[in-house]
Amino acid sequence: MSSNTHFAIAIDGPAASGKSTLARKLAERLGLVMVNSGAMYRAVTWKALKENIDPSDSAAVVALLNRIEIECGHDGLTSTCTIDGVDPGDALRSETVNANVSMISAIPEVRDRLVALQRSYLDHTSVIMEGRDIGSVVFPDTPYKIYVDADEAVRAARRAKMGEVDSVAQRDAADSKRTTAPLIVANGAVILDNSHHTIESGVDAAIEILKQQGLSHL
Ligand code: DC
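Per this note's numbering, the very first residue in the sequence shown carries number 4; after that it's consecutive.
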């Protein structure tokens, strides 16, 4: 973790567990920048597909990685990410990106590059960062860690309601079984079961956990 006074709140969990909404609402309540790390993996996936690169060809993906510029920052409390100056916008959540992002995010060189960008946020600001390995790899020393979980049926229904074609169970299996930085409950993380929370009660539960973890910003 950075030696400055900025801190990170890590929110990890499987796809469609509600962690993005929770992180965004928590960020609004606490006045902190919310960083969606999944959007970074999605942006690299979008770029690879756009360049007709086979996501299973890791050498080709790494070659692409070495020639693109990735810039991450924030606009108000929301993180932003551009590739070669372009914000992919809604294309980040397309069916093809959903189907290929797990493969791209299993490539260690992709993770190294994006983890460095994720850590660099603390040079400028404190963050709430959501993803899969934020508490385990990106900020292992932060005391503020929540693992958001929800029943598989609840998660699938949430994605369907969003109108997305996304094989959540398949993506979770790939994200949990990969060798590099798999989805795990990080050391020190408290599990928040989000299956039956409303957005507001979920945020309240998260704030209680963070208080117990010693966050004095509350
Ligand atoms: O949070 P999300 O569903 O938008 O993330 C998309 C994919 O990105 C997810 O299936 C795995 C990958 N990811 C990752 O490997 N590590 C992260 N910290 C965040 C996302």
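Cβ atoms here follow ideal geometry from the backbone N, Cα and C, with glycine treated the same way.
One alpha carbon belongs to H127, the other to H9, and they sit about 8 Å apart. G205: member of the alpha helix (DSSP H) spanning 202–215, first to last residue.
CA-to-CA, the gap between A189 and L52 works out to about 31 Å. In the displayed model, D175 falls within a helix according to three-state DSSP. N39: member of the beta strand (DSSP E) spanning 36–39, first to last residue. DSSP, read as helix, strand or coil, puts S170 in coil. Considered as a whole, the stretch 83–114 harbours 98–108 as its complete alpha helix (DSSP H) runs of no fewer than 4 residues, in chain order.
Counting C-beta pairs closer than 8 Å gives fewer than three between the stretch 69–81 and the stretch 132–147, which falls short of the contact rule. For A156, the closest C-alpha among the options H199, S97, A30 is that of H199. Where L67 is concerned, there is no enclosing beta strand (DSSP E), although the alpha helix (DSSP H) around it starts and stops at 61–68. Bridge partners of D78 according to DSSP: T81.
Beyond the five residues adjoining it in sequence on each side, I187 comes within less than 6 Å, by CB distance, of S139 in the same chain, given in chain order.
Sequence-distant partners of K148 (beyond 5 residues in either direction) whose C-beta falls short of 6 Å from its own C-beta, in its chain, are A13, G138, A189, G191, A192.
Under DSSP, G134 takes part in a beta bridge, and its partners are D15.
Under the criterion of beta carbons closer than 8 Å, S129 and L35 qualify as touching, at roughly 6 Å. Look at Y150 here: in three-state DSSP terms it is strand. Judged by their CB atoms, R174 and S105 are nearer to each other than the 8 Å cut-off.
In this structure, the ligand DC has no non-hydrogen atom nearer than 7 Å to the beta-carbon of D152.
With contacts defined by Cβ atoms closer than 8 Å, V64 and I110 form a contacting pair.
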